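Just so you know, the sequence shown maps onto residues 277 to 957 in this note's numbering.
Step one of this worksheet: look at the structure below.
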Amino acid sequence: MADVKGTAGKDFYTVKKGENYDALEGDDEITFEKGGTGQGGPGNDKITVPADFGRWDATVWYWSSSNPIYVDMEAGYALDGFGTRDTLINVHQVHGFKQDGDQGYGSSGDDAFWMSPWTWNFKNGQKGLILIDGRGGNDQVTLGLNSNQNQGEVMVQVSADARKVIVYQSNSPGFLYELRNIEVFNSWDHDKNTSKTYDLMSLIETSKIGQETLLRNYKGWQTGAIGNPVSVTYSFLSQAPSSGGEGGVGFTAFTDTQKQTIRDLFAVLQNQTGLAFSEVMGDAGQIRLGVNQQSNTRGYSFIPDEFKGDARAGDVWLDQETVALMRPGQEGYYVLLHELGHALGLQHPLTESDRSGATVLLNAFSTTSNTVMLDVNAATNNGVWPSWFGNFDLQALRYLYGSKAYATADNTYQLTDTSGSTVIVDDGGVDTLDASSVSISANIDLRPGKSSSIGLDVDGTRQFNNVSIAAGSFLEGVISTAFDDVIIGNQQNNAFTFVGGNDIVDGGAGLDLLRIWKSSNEFKIAKDTSAGFWNVAAVNNTLGSVELQNTERVFFTDTAWALDSADNESAGRTVKILGAVFGKEGLANMAYRGIGLFYFDRNMSYEDLTLLALDARVGPGASKATVAQLLQSNVPGLVIDPNAYSNTTAMAIYAQESALNKAMVDVVGLATAGMPYQFWG
């Protein structure tokens with residue numbers, strides 16, 4: 277790019293393609309050809325980009341100013357850091373955000389910003405803030421880096437709606453970049469000439485969505501530190517309260533059955549959170565519950581934060597028709613959950629259309645399995661009502677009031693077509709989600725905070741995101757449906773039981789297994805090397821198949837199969853040890869294979885298992901000559917000089933990793949066929 281400079285006076289210049297123009301002093305007027313880059317410098321400059329240009333066609337920059345800059349593309353001006361003001365016309369790409377106090381604001385269109393901190397920003401203790409707000413449109417921010425200056429790793433924190441992004445570098449955590457309303461964030465390393473794009477949606481911390489979208493700084497009944505346990509009283513009104521001025525028309529008392537439903541609700545919520553509920557008489561409760569006749573609502577309540585000092589704070593009123601449908605899974609129970617959420621401090625989530633700057637709930641998360649604080653009706657909810665608070669509701673309540681360990685035994689959660697909308701809270705044990713009774717395929721996600729689609733709506737159509745696993749809760753197992761399921765595991769060691777159909781299973785992290793209650797001779801196992809997944813398919817094509825990713829074991833009724841069988845994986849290393857140390861007879865021993873996997877699965881190192889195998893084969897402390905003779909007899913053609921190795925373990929590993937041994941144990945074939953073995957331990 278050619279550098280071109282103006283004069284100290286007033287210049288009129290059209291920046292040509294490939295030029296980098298600096299107008300210097302004076303009140304200059306600048307326009308562009310496509311591909312031009314330029315800045316006005318000191319002076320009240322007028323910078324015009326032709327109206328038919330896109331954001332990438334011309335670049336305005338402010339790198340040379342030593343004072344903070346302020347750029348507003350929508351308003352059409354920039355405070356240039358020289359004490360003068362530029363007029364910006366149709367400018368949609370600005371570079372030069374580099375120091376504490378710099379601010380950039382986009383337009384309603386598509387804009388681009390480039391930040392690149394000066395080296396001095398990375399001195400120890402340097403603090404500062406660069407603020408970029410893309411506003412409307414599809415906006416992109418790029419952070420320019422110089423890795424040779426030891427700036428550190430780029431760290432990115434994303435709000436629950438991805439509308440606010442905090443970026444910093446690990447070697448200068450006090451210097452922050454706050455990005456608002458941007459759609460794309462990139463980094464560019466000048467020294468390495470490489471770029472990286474960050475998927476902001478994937479960086480959302482789902483475990484914080486509840487507190488950010490439903491509390492929004494409300495504290496409910498919390499008077500101490502956030503997370504402290506809180507005691508709350510409640511009472512059932514037998515008549516309109518003497519204080520508070522509510523009750524409306526047609527006051528009705530709760531029936532004993534309705535009261536017990538509410539008591540049971542409080543009891544479960546008390547077991548899952550740091551809330552402690554106690555019932556008191558009359559209208560003395562902090563939460564007072566009543567029934568009246570409502571013309572346009574199903575219920576209403578008074579959020580404590582909004583009615584401080586008011587007797588109505590925490591009151592819940594339900595319509596007479598609402599309480600007639602107040603069993604879990606009915607509409608009235610949903611209304612009860614919703615209004616009690618308000619009484620405990622939860623707000624309605626804001627929608628994506630909100631531009632107040634508060635955190636919104638993204639449409640992708642707007643389901644009743646995530647929050648009952650949505651305002652839904654039978655039409656929008658397909659007639660399926662939640663039977664408990666949503667995942668985000670519980671996040672918020674546990675954040676605000678603390679939590680208790682809940683459901684810590686080994687539990688099985690059996691789902692049916694009519695299980696409806698629910699959240700599973702489970703804080704311990706080895707637990708299983710059983711979908712075998714469901715009559716339609718399911719999408720099951722075991723990751724905490726994620727939702728699954730299991731069962732049918734009341735009209736017989738497929739449920740969508742109706743079952744959620746609470747943040748912090750881990751289920752270890754799944755029993756599939758008999759149909760074509762998609763199952764995603766979590767970071768635990770998961771067990772997936774195959775019932776039928778053509779399933780897709782991704783075990784994720786952990787040591788995961790697929791369990792098939794059939795003989796291994798009824799299935800064939802092979803790896804699709806081009807696609808990278810394993811296929812476990814019935815030989816007769818009637819029992820179905822499973823496409824496996826990140827799943828290490830398959831258990832049949834007669835044998836087990838190891839799929840982590842590449843050269844450097846557990847099964848691959850097991851056969852290399854068996855071949856070199858125990859020979860072909862040991863290699864064929866299914867129990868020996870199981871023993872090797874047993875130790876690898878418990879994180880024994882390759883070196884330690886090699887030594888254990890040698891000790892088992894020739895006894896502890898065997899000489900190097902003895903071990904060399906053993907290895908050479910087991911691996912035909914192998915030649916070993918015992919004196920070339922410091923110990924017998926190193927010698928054995930040499931033999932195990934030799935091309936002769938790898939060919940003998942067929943590590944190439946093993947990588948695509950897996951390894952059958954007998955489970956041990």
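Where a beta carbon is used, it is the ideal one built from N, C-alpha and C, also for glycine.
If you're wondering where the values come from, they're calculated on a predicted model, not measured in any experiment.
Fill in: Residues near THR902 in its chain [Cβ-Cβ closer than 8 Å; skip 5 each side]
These residues qualify, in order along the chain: VAL894.
Worksheet item: What first and last residue would you give for the alpha helix (DSSP H) that runs through GLU607?
Response: Run containing GLU607: 607-619, per the alpha helix (DSSP H) assignment.
Practice prompt. Please report how far the alpha carbon of THR470 lies from the alpha carbon of GLY420, in whole angstroms.
Written response: If you take the alpha carbons of THR470 and GLY420, they lie about 10 Å apart.
Worksheet item: Measuring CB to CB, does THR635 end up less than 7 Å from THR531?
Response: One thing to note: THR635 has its Cβ no nearer than 7 Å to the Cβ of THR531.
Practice prompt. Could you check which residue in ARG539, ILE345 and GLN548 has the C-alpha nearest to that of GLU989?
Written response: In the structure as shown, the chain starts at 277 and stops at 957, and residue 989 therefore has no counterpart that could be examined.
Worksheet item: According to DSSP, which residues form a beta bridge with ASN966?
Response: Within the shown structure, residues of the chain are numbered from 277 to 957, placing residue 966 beyond reach of any answer.
Worksheet item: DSSP state of SER796, grouped into three classes?
Response: It is helical.
Worksheet item: Count the other CB atoms within 10 Å of the CB of LEU674; is the residue buried (16 or more) or exposed (fewer)?
Response: Rather than Leu, the amino acid found at residue 674 in this sequence is Arg. The C-beta of ARG674 has 16 or more other C-beta atoms within 10 Å across all chains shown, which makes the residue buried.
Discussion item. Judging by CA-CA distance, which residue of PRO912, VAL944, LEU907 and THR948 is the nearest neighbour of TYR930?
Written reply: Cα-wise, what sits closest to TYR930 is LEU907.
Discussion item. Quick check: the Cα distance between GLY783 and LEU789, rounded to an integer number of angstroms?
Written reply: Straight-line Cα distance between these residues: approximately 8 Å.
Item to complete: Can you give me the Cβ contacts of SER727 inside the same chain, cut-off strictly under 7 Å, excluding the 5 residues immediately before and after it?
Response: Non-local beta-carbon contacts of SER727 in its own chain, meaning distances under 7 Å to residues more than five positions away in sequence, involve THR643, SER645, ASN646, ASP721, ASN741, VAL743 and SER744 in chain order.
Discussion item. Among the candidates ASP707, ALA278, SER507 and LYS293, whose CA atom is the shortest distance from the CA of PHE772?
Written reply: Of the residues ASP707, ALA278, SER507 and LYS293, the one whose Cα lies closest to the Cα of PHE772 is ASP707.
Item to complete: Could you check what DSSP says for PRO625 in three-state terms: helix, strand or coil?
Response: DSSP, reduced to helix, strand and coil, places PRO625 outside both helices and strands of the structure shown, so it counts as coil.
Discussion item. Counting C-beta neighbours from all protein chains within 10 Å, is the total for GLY736 16 or more, i.e. buried, or is it exposed?
Written reply: With fewer than 16 other beta carbons inside 10 angstroms of its own, GLY736 counts as exposed.
Discussion item. How far does the beta strand (DSSP E) with LEU700 in it extend, from its first residue to its last?
Written reply: Here residue 700 is Ile; the residue named in the question, Leu, does not match the sequence. Run containing ILE700: 698-700, per the beta strand (DSSP E) assignment.
Worksheet item: Expressed to the nearest angstrom, what Euclidean distance is found between the alpha-carbon atoms of LYS440 and GLY659?
Response: Between LYS440 and GLY659, the C-alpha separation is close to 35 Å.
Worksheet entry | Spatial distance of GLY428 from GLN445 (CA atoms) | Looking at the two C-alpha atoms, the distance is approximately 5 Å.
Worksheet item: Which whole-angstrom value is the C-beta distance of ALA560 and PHE578, which I expect to be below 8 Å?
Response: Not a contact, Cβ separation roughly 16 Å.
Discussion item. Between which two residues does the beta strand (DSSP E) holding ILE780 run?
Written reply: DSSP places ILE780 in the uninterrupted beta strand (DSSP E) bounded by 778-782.
Worksheet item: So is TRP810 buried or exposed if we call it buried at 16+ other beta carbons inside 10 Å?
Response: By the C-beta density criterion, TRP810 is buried, having at least 16 other C-beta atoms within 10 angstroms.
Worksheet item: Does DSSP classify ASN422 as helix, strand or coil?
Response: Looking at ASN422 - three-state DSSP - the assignment turns out to be coil, as it is neither helix nor strand.
Discussion item. For the alpha helix (DSSP H) containing LYS472, name the first residue and the last one.
Written reply: Run containing LYS472: none in the alpha helix (DSSP H); it sits in the beta strand (DSSP E), 470-474.
Discussion item. On the DSSP letters alone, give me the boundaries of the alpha helix (DSSP H) that SER909 sits inside.
Written reply: Taken as a continuous stretch (DSSP letters only), the alpha helix (DSSP H) holding SER909 covers 900-910.
Fill in: the region 838-849 touching the region 942-949, judged by at least three CB pairs closer than 8 Å
Contact holds: three or more Cβ-Cβ distances are below 8 Å.
Worksheet entry | GLN369, enclosing beta strand (DSSP E) - first and last residue | According to the DSSP assignment, GLN369 belongs to the beta strand (DSSP E) that extends over 369-373.
Practice prompt. Would you check if the region 494-513 and the region 568-577 touch, i.e. whether three or more CB-CB distances between them fall below 8 Å?
Written response: The region 568-577 makes no contact with the region 494-513; the number of CB pairs closer than 8 Å stays below 3.
Worksheet item: Among ALA681, ASP779, GLY377 and ASN865, which has the Cα closest to the Cα of LEU551?
Response: Of the candidates ALA681, ASP779, GLY377 and ASN865, the one whose C-alpha sits nearest the C-alpha of LEU551 is ALA681.
Worksheet item: Apart from the five residues just before and just after ALA327, which ones in its own chain have a Cβ nearer than 6 Å to its Cβ?
Response: Excluding sequence neighbours, ALA327 sits near ASN366.
Item to complete: Report the residue from GLY317, GLY872 and MET951 whose alpha carbon sits nearest the alpha carbon of GLY282.
Response: The candidate whose alpha carbon is nearest that of GLY282 is GLY317.
Worksheet item: Using the C-alpha atoms, what's the distance from THR827 back to THR307?
Response: Cα to Cα, the separation comes out at about 59 Å.
Worksheet item: In whole angstroms, what is the alpha-carbon distance linking TYR353 and ALA436?
Response: C-alpha separation (whole angstroms): 32 Å.
Fill in: Buried versus exposed, by CB contacts within 10 Å (16 or more), ARG603
Exposed, since its Cβ has fewer than 16 Cβ neighbours within 10 Å.
Item to complete: Enumerate, from N- to C-terminal direction, the unbroken beta strand (DSSP E) stretches of 3 or more residues contained entirely within the region 459-511.
Response: Those beta strand (DSSP E) runs which fall completely within the region 459-511 and span 3+ residues are 460-465 and 470-474.
Discussion item. Considering just the uninterrupted stretch of the beta strand (DSSP E) at GLU555, what are its terminal residues?
Written reply: Here the beta strand (DSSP E) through GLU555 covers 551-555.
Practice prompt. Assign MET602 to one of three DSSP states: helix, strand, or coil.
Written response: In the three-state reduction of the DSSP assignment, MET602 falls in the coil class, being assigned neither a helical nor a strand state.
Worksheet item: What is the rounded straight-line gap between the Cα of GLY666 and the Cα of ASP702?
Response: Cα to Cα, GLY666 sits roughly 14 Å from ASP702.
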